[in-house]
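Student: What follows is a single structure, and I will ask about it in a moment.
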Amino acid sequence: MRGLPDPRQQLVQTFGNGGETWVVSAPGRVNLIGEHIDYHGLPVLPIAIGRRIRVAFRARTDRRIRAVSAEEYGLREFEWTPRLAPTAAGDWENYLRAAAEAVGRKWGAGAGVDAAVVSDLPPAAGLASSSALMVAFTLGLLRANQRRASFEELMEILPEGEQFVGTRGGGMDHAAVLASREGCASLIEFEPLAVRPIPVPADWRFLVAHSLQTAEKSGAAREEYNARRAAGTAVLKRLGFISYRAAMEEASCPEKLPPGPERESFLHVTSEAWRVRAAVQAMEQNDAGTFGRLLLESHTSLRDRLRVSSPALDQLVETAVESGALGARLTGAGLGGCAVVFCQKRDLAAVRRGLIDRYYAGHPDFDPDRHLIDAQPGPGALHLA
Ligand code: NG1
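When the letters of the sequence shown are read in order and numbered with numbering that gives the first Met the number 0, they come out as residues 0 to 384.
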C-alpha cells in the first residue's frame with residue numbers, strides 16, 4: 000500500500016492556518032461472504048482493509064461546511080441548515096450533506112467545519128469508499144461539536160443517512176468501517192445489532208481484484224440495487240413471513256412460489272445466509288478448502304439467481320481459481336466493481352501473477368495499486384489511532 004499524504008497539509012493549503020485540527024480515518028471494507036442479505040437483516044462477514052480515507056477537520060464558528068478533496072473532486076461548500084436537500088446526482092458533496100443531515104436529524108445542526116480529504120481507496124469498486132467517507136465526515140462533525148456517539152447511535156443514523164444519495168444499504172458497510180478489529184473478520188448481526196470478531200487464520204490471504212468496469216452507485220446500478228431489495232421483500236410478504244430470519248427458522252421451501260425472479264431471489268437470500276454460517280465455522284476451524292468452496296457457491300448464486308454478476312466478474316473469478324485461488328466471488332452490490340479472491344499465503348504470488356497475465360493483460364488501464372489490492376483485515380474507524 001502506498002503511503003497516504005497528511006490531509007492537514009491540504010487543509011492549510013486550501014483554507015490557510017487556523018485553530019485546532021484533528022484527523023479522522025475510516026477504512027474501506029471488503030465483504031468476504033453474505034451478499035445482498037444485510038438489507039434483509041441477515042448476518043454478513045466483511046473485513047475492514049488497510050486502504051482508507053483520512054480527513055483533517057477544523058471547527059468553524061458559523062454553520063458553513065467547506066471540504067476539499069483530490070483535484071478531480073475539488074472544493075465544495077454549503078450551509079448546514081436543519082433540512083438539507085441533495086445536490087446534483089453523482090456529486091461527492093452529497094456524502095458530506097448526507098453526514099450533516101444524519102447528524103442534524105438526531106442532534107440538530109451544529110457548528111460547521113473546514114475539512115480536507117485524502118484517500119487511497121478507489122471509488123466505485125465495491126470497497127465502500129462512499130460509506131467510509133460518510134463515516135469519517137460524521138465522526139468529524141460530531142467531534143467539531145463536542146459530541147460523543149456510541150456505535151449503536153452511529154448505526155441508527157448512518158445506513159438511513161446514506162439513503163440521501165439514493166441507496167438504502169443494509170448497514171454492513173457502516174458497521175464494518177466503524178467496528179472491525181485488526182486481524183479479524185466481522186460477523187455483523189442486525190437483529191439485534193452486534194459485531195463479533197472472528198480471527199482470520201494467519202496464512203489466509205485475500206485480494207480485491209477490480210473487473211475494470213465500475214458500478215456507479217449513484218447511476219443505473221442504484222436502480223438495480225434497489226430493485227433487488229424490493230423483489231426480496233415482496234417475495235417474503237407473499238409467503239407471509241415477517242422476516243427472513245423467521246422464514247429460515249421454519250426451514251421454509253418456497254414450493255408455493257412459481258418459478259421466476261421472486262423465487263430465485265428468495266433462494267439466493269436464504270442459501271447465502273446458510274453459507275455465512277458455514278463460512279464462519281470454516282474460518283474458526285481453519286478449513287480453507289470449505290471456505291473457498293463457499294465463496295464460489297456464493298458467486299454462482301449471485302450470478303444465476305440474483306443476476307448481479309457480469310461477464311467480466313465471472314471471468315475474473317474463473318481466472319483466480321485457475322491461478323491457484325481456493326475461492327473467489329463478486330463482492331459488494333455487483334454489476335461491475337470487484338471480486339474478492341481467497342488463497343493461502345504460499346499461493347498469493349502465483350494467484351497475483353495469474354490474474355495479471357491472464358485477466359489484466361491487454362488492459363492498458365490496469366494499475367496494480369488500484370486494481371489488485373492486498374486486503375488484510377485491519378481495524379475500523381473506532382479502533383484506529
Ligand atoms: P457496495 O456495493 O459495496 O456499496 C452495497 C450496500 C451494502 C450491501 C451490498 C450488497 C450500500 C452503501 N452498501 O455495497 O449494504 O447491501 O451492496 O451485499 O448501499
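Just so it is clear, CB atoms sit at the ideal spot from N, CA and C, and this is done for glycine as well. Remember, it's a predicted structure, so these values are computed and weren't measured experimentally.
In the structure shown, what three-state DSSP assignment does I36 receive?
Tutor: Three-state result, I36: coil.
Student: Near M0, what residues of its chain come up, given a Cβ to Cβ distance below 7 Å and the 5 sequence neighbours on each side ignored?
Tutor: The pLDDT assigned to M0 is 45, lower than 50, so where the model puts this residue is not dependable; a value taken from the coordinates is nonetheless given after this. Contacts found: G49, R50, D119.
Student: Go ahead and label P6 buried or exposed: buried means 16 or more other beta carbons lie within 10 angstroms of its beta carbon, across all protein chains shown.
Tutor: Under this definition P6 is a buried residue.
Student: On the DSSP bridge list, what partners appear for V116?
Tutor: According to DSSP, which records beta bridges pairwise, V116 is partnered with V54.
Student: Does N30 come out as helix, strand or coil in the three-state DSSP assignment?
Tutor: Note: N30 maps to strand in three-state DSSP.
Student: If we ignore side chains and look at the alpha-carbon of each, how far apart do R142 and G109 end up?
Tutor: Spanning the two alpha carbons is a distance of roughly 11 Å.
Student: Does any heavy atom of ligand 1 sit closer than 7 Å to the C-beta of A332?
Tutor: The answer is yes for A332.
Student: Give the single residue among V11, F290, A25 whose Cα lies nearest to the Cα of R204.
Tutor: The residue with the shortest Cα to Cα distance from R204 is F290.
Student: Flag this pair as yes or no: are the beta carbons of A47 and G379 separated by less than 8 Å?
Tutor: Yes, these two residues count as a Cβ contact at 8 Å.
Student: Is it true that the CB of A135 sits closer than 8 Å to the CB of A25?
Tutor: For A25 and A135, yes; Cβs fall inside 8 Å.
Student: Tell me, please, whether the stretch 23-39 touches the stretch 355-364 by the rule of three or more beta-carbon pairs shorter than 8 Å.
Tutor: Because the criterion of three Cβ pairs below 8 Å is not met, the stretch 23-39 and the stretch 355-364 do not touch.
Student: Between D313 and V275, what straight-line distance do the alpha-carbon atoms span, to the nearest angstrom?
Tutor: Distance between the alpha carbons of D313 and V275: 21 Å.
Student: Less than 7 Å between the CB of N16 and some heavy atom of ligand 1, yes or no?
Tutor: The answer is no for N16.
Student: Let's test the definition: count the other Cβ atoms within 10 Å of the Cβ of A406 and tell me whether it reaches 16, buried, or not, exposed.
Tutor: Coverage of the chain is limited to positions 0 through 384, which leaves residue 406 absent and any answer about it impossible.
Student: Consider the C-beta atom of H35 and the heavy atoms of ligand 1; say whether any pair is separated by less than 7 Å.
Tutor: Yes; taking the cut-off as 7 Å, the Cβ of H35 has a heavy atom of ligand 1 nearer than that.
Student: How is H209 classed by DSSP in three states: helix, strand or coil?
Tutor: Three-state DSSP puts H209 in a strand.
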